[in-house]
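Below is one structure, written out as structure tokens, with a few remarks after it.
In my numbering, the protein residues as written are 11 to 41.
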């Protein structure tokens with residue numbers, strides 16, 4: 011299985027944080 015690239019990791023992390031905390035509670039530094 012191939013390692014996810016930086017873009018994929020960022021998008022996965024952002025989606026998880028938005029789901030857990032909500033869009034307005036997540037800053038770019040956390041992503």
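We put the beta carbon where it would ideally sit given N, CA and C, even for glycine.
Where residue i sits in the DSSP three-state scheme
{"i": "residue 30", "result": "helix"}
{"i": "residue 35", "result": "helix"}
{"i": "residue 22", "result": "helix"}
Close-in-space but distant-in-sequence residues of the same chain around residue i (CB under 6 angstroms, 5 per side omitted)
{"i": "residue 14", "result": "none"}
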